[in-house]
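Only one structure is covered here, and it is reproduced in the block below.
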Amino acid sequence: MTSGARVWHCGGIAYPWHTDGLVLHLAIGPDLVCLRVDRNDLSLHEISRLTLAAPVQYVWPHPHSNLLYVACSNRPISKADDLHLLATVVVDERDGTMRLLAQVPLPTRPIHLTLDPTARHALVVYNAPARITAHAIDAEGRAGEVLPQSPEPRVGVFPHQVLMLPSGEAAAMVVVARGNHAVPGRDEEPGSFEFLALDGERLAHTASAAPGGGRGFGPRHLEFHPDGRWAAVSVERHNELHIYAVVRDRFAEAPAFRVSTLDVPRADSHDQLCGTVHFHPSGRFLYVVNRHDTAVYGDGSVPSPLAGNNIAVFAFDADTGQPELLQHVPTESVHVRTFSFDASGELLVAASILPALARRGDAVERVPARLTFFRCAPDGRLSLARVQDMDNDRLNLFWSHLNGSVRGA
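Dropping the structure here:
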């Protein structure tokens, strides 16, 4: 990091070459893209692009180095389904260019990853088949090959996320396992939280939690409140937000609060699902994506209703854990997978994955994949600021991250 300079950060990624803008990272198919965002008019200016060997599935930044850890797989674009990688990418803090530092094979398509509190290991989860792998990170920051585990630790049905627990005192983590809806010939597969610990290079399962036995419980995404006392969970298969008290790195047996994320009640449907959840940087507000995608989650025979694609905004009481619905704001797109705030909490950007046929009232239109920018008011409410159409055709816009934390180096 450059001494004496003011820098912009994404995790540990520093950008001293400009101090009046924002940086947005995107993953479009196999391309990692770094964009400068003008803070005033929100126009986008490409800084650099790196093409990896397979489409990007998720990215996690190193906490204090100019490194990104990138999980890749060709499953979304190839019936061969035979190329799965964990790449270490270095970002040049002088000009923002990215280059591949290392890559190692993975056993199957990765869905999420994180680093342990010391940034000495990367943890990667897979949904089909369900698995978790650990990878040592060397002194240069390179993530290594899969560390053998015997036995393989339990990770539940359809793990979708792995996060370190908020105490940060040990390499303890939670895997969010979504489970699956019942289908003809198969009962519902329960969702759960699976708790694991990393001791040296060995992963061990330490506990499971499955509210209601996991039936009617399909968690997708979890975020801890900034003070670590609460876990907000989007229950994807049931369009609910659950709030759990966190005590000694475990969750209470039942949620303290349980609310719908939808603006209006809808009939049971496997194509209306909630998704990513994030707290506002202040911890005073909470945001959950609602997605209605008939192509990805249905047979695509009818257009997706735009009305079912929105962000639910909640006020959050950090003393009691109670969320209070403030608004539903349309994303003007179909199927937002990721969204993020700048560090000030004044700007949010939501990224939808693909173009889609959508219904707005009686009209049907083709809606591109989009970046939707919102201004965030002091009361937490969002207002539409800009919509940027993306030209990604059949390549998923699977990951995005907006940075903007200014610190002295």
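Here the sequence shown stands for residues 13 to 421, numbered as in my numbering. Yeah, the Cβ is synthetic: ideal placement off N, Cα and C, and Gly gets one too. Please read these numbers as outputs of a predicted model, since none were measured by experiment.
Length of the line joining the Cα atoms of Pro380 and Ala131: Taking the CA atoms as reference points, Pro380 sits about 37 Å from Ala131.
Who does Glu58 pair with in a DSSP beta bridge? Note: Glu58 sits in a beta bridge opposite Leu47.
Do Leu44 and Glu58 come within 8 Å of each other at the CB atom, strictly closer than that value? Pairing Glu58 with Leu44 gives a Cβ-Cβ distance that is not under 8 Å.
Alpha carbon to alpha carbon, what distance is there between Thr273 and Leu396? A direct Cα-Cα distance of roughly 20 Å separates Leu396 from Thr273.
To the nearest angstrom, how far is it from the Cα of Ser15 to the Cα of Val49? Confidence in Ser15 is poor, its pLDDT being 34 and thus under 50, which makes the residue's placement too unreliable to answer from.
Cβ shell of Pro267 (< 8 Å), same chain only, five flanking positions each side left out: Exclusion of the five residues before and after Pro267 leaves Pro223, Val245, His254, Ile255 and Tyr256 as the residues of its chain whose Cβ lies within less than 8 Å of its Cβ.
Please classify Ala183: does DSSP put it in a helix, a strand, or coil? In this structure, Ala183 counts as coil in the three-state DSSP scheme.
Below 8 Å between beta carbons: does that hold for Pro117 and Leu97? Note that the C-beta distance between Pro117 and Leu97 is below 8 Å.
Could you pull out every unbroken beta strand (DSSP E) segment of at least 3 residues lying fully inside the stretch 293-347, listed in chain order? Entirely contained in the stretch 293-347, the beta strand (DSSP E) runs reaching 3 residues are, in chain order, 297-304, 322-328 and 335-342.
My parser needs the beta strand (DSSP E) runs of 3 or more residues fully inside the stretch 53-133; what are they? As far as the stretch 53-133 is concerned, its whole beta strand (DSSP E) runs of at least 3 residues are 56-63, 68-73, 79-85, 96-103, 110-117 and 122-127.
Answer yes or no: do Ala155 and Thr100 have a C-beta to C-beta separation smaller than 8 Å? The Cβ atoms of Ala155 and Thr100 lie closer than 8 Å to each other.
So what does DSSP say about Glu377, is it helix, strand or coil? It is a strand residue.
So what does DSSP say about Pro231, is it helix, strand or coil? Correct three-state label for Pro231: strand.
Check whether the stretch 281-291 touches the stretch 332-341, counting contact only when three or more Cβ pairs, one atom from each stretch, lie closer than 8 Å. Taking 8 Å as the limit for Cβ pairs, the verdict is that the stretch 332-341 does not touch the stretch 281-291.
Which residues does DSSP list as the beta-bridge partners of Leu409? Note: Leu409 is bridge-paired with Ile40 in the DSSP secondary-structure output.
Hey, how far is the Cα of Pro367 from the Cα of Ala182? If you take the alpha carbons of Pro367 and Ala182, they lie about 42 Å apart.
CB-CB under 8 Å to Pro293, same chain, minus the five flanking residues each way: which ones, in chain order? Excluding residues within five positions, the ones whose Cβ falls inside 8 Å are Pro238, Phe353, Ala355, Ser356 and Gly357.
Can you name the residues that DSSP bridges to Ser352? DSSP lists Val361 as partners of Ser352.
List the residues that DSSP assigns as beta-bridge partners of Ser246. The partner list for Ser246 (beta bridge, DSSP) reads His233 and Leu253.
Roughly how far, in whole angstroms, is the beta-carbon of Arg190 from the beta-carbon of Gly203, given that I think they are within contact range, below 8 Å? Confirmed, about 5 Å.
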